[in-house]
Amino acid sequence: MTAEDSKPRRSRRRWLPAVAAVVLLLIVVAAIVPTTAPFHRWVRSRVAQTLRGATGGQVDMGSFSYNLRKLQFTISNLTIHGLEAPGDTPYLHVDRVFVDAKLVSVFSRKIGLTAVVLEHPVIHIIVYADGHTNQPPPAPGTVMGGGSPLQRLFDLQVNRAEVKDGLLLVNDRPLPLDFTAHDVRAALNFVAQPAHYSGSVDAGRIETHYAAFQPFASSASAAVDLYPNRAELTSFHWTSGPSTLDAKGTLANFAQPQITLGYRGHFDLGQFAAIARVPEAKR
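Per my numbering, the sequence shown starts with residue 80, numbered consecutively.
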């Protein structure tokens, strides 16, 4: 072996320990940093910022915990305030939110999740005398595309979404919410001209539980445009076994609602009799 051949080996022997030290340092940092208080505060602030950007409301969180190895996040006492007066029931409150992610997405608008569980969510919609609601306007966003200003608020894909003991309040009129949905895709945009929300949702399978009725499964998709004083259901399709329903409609003047609805469907009496636990209705 010549002196020239031995030089590269000696050189490699010099930098190999340095590389090993750097790799070891990175491993230690990756293990320690996610458990530090500053990193925890940073993740918490990013989650709050994402929720604030998607809803436009003031976000308050109780406890916040995460497991980055499993990509799981838990929030207790999540509250989003809208335009309601101080002391009123907030726009949204959830006792506990559990998120199991299939990709880390709290830092982007496109989200892929394995599971989302909401325990006792209360959604409170107030329709005031002039027709406007307490729904907060979205935070200022960027202009997307070459046409009208469009702000993507979220684009969400969830393998399983579960709502436990939920409640929808519209001017304090309660509507129970209790269901599990699979293969959910939901998107919401804010269009500046004219100012309105444009959203869509598609659920491959919904397992509904309501009062004393027999739980039943269905699938549904819908698209809606929500303006300051009216809502337009541009498409709706629902199916459960042999029963189907398609609909379009408009809800005008929230203060004095005027509903225009067109629909067509087929409802199986035997199926609904079983759901209502009224077997004699099958005859």
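Glycine included, C-beta positions come from ideal geometry on N, C-alpha and C.
Annotation for Q350: the continuous alpha helix (DSSP H) segment containing it runs 348-354.
By DSSP's assignment, T318 forms a beta bridge with S298, T323. Rounded to whole angstroms, the gap between the alpha carbons of Y276 and I354 is 35 Å.
Taking C-beta atoms as the reference points, A334 and L312 fail to come closer than 9 Å.
Taking a contact to require three or more Cβ pairs closer than 8 Å, the region 150-164 and the region 174-183 qualify as touching. A265 is bridged by DSSP to L235, V280. Judged by their CB atoms, I202 and T212 are not nearer to each other than the 9 Å cut-off. P253 carries a strand assignment under DSSP once its states are collapsed to helix, strand and coil. Collapsing the DSSP output to three states places P216 in coil. For H172, the secondary structure class from DSSP, reduced to helix, strand or coil, is strand. Looking from the CA of R123, the closest CA among H199, L247, G141, G136 belongs to G141. For F118, the uninterrupted alpha helix (DSSP H) run begins and ends at 116-134, by DSSP. The beta-bridge partner set that DSSP reports for G245 consists of L256. Closest option to A240, judged by alpha-carbon separation, among W121, A133, R252, T287: T287. D179 is positioned such that its CB atom lies closer than 9 Å to that of L192.
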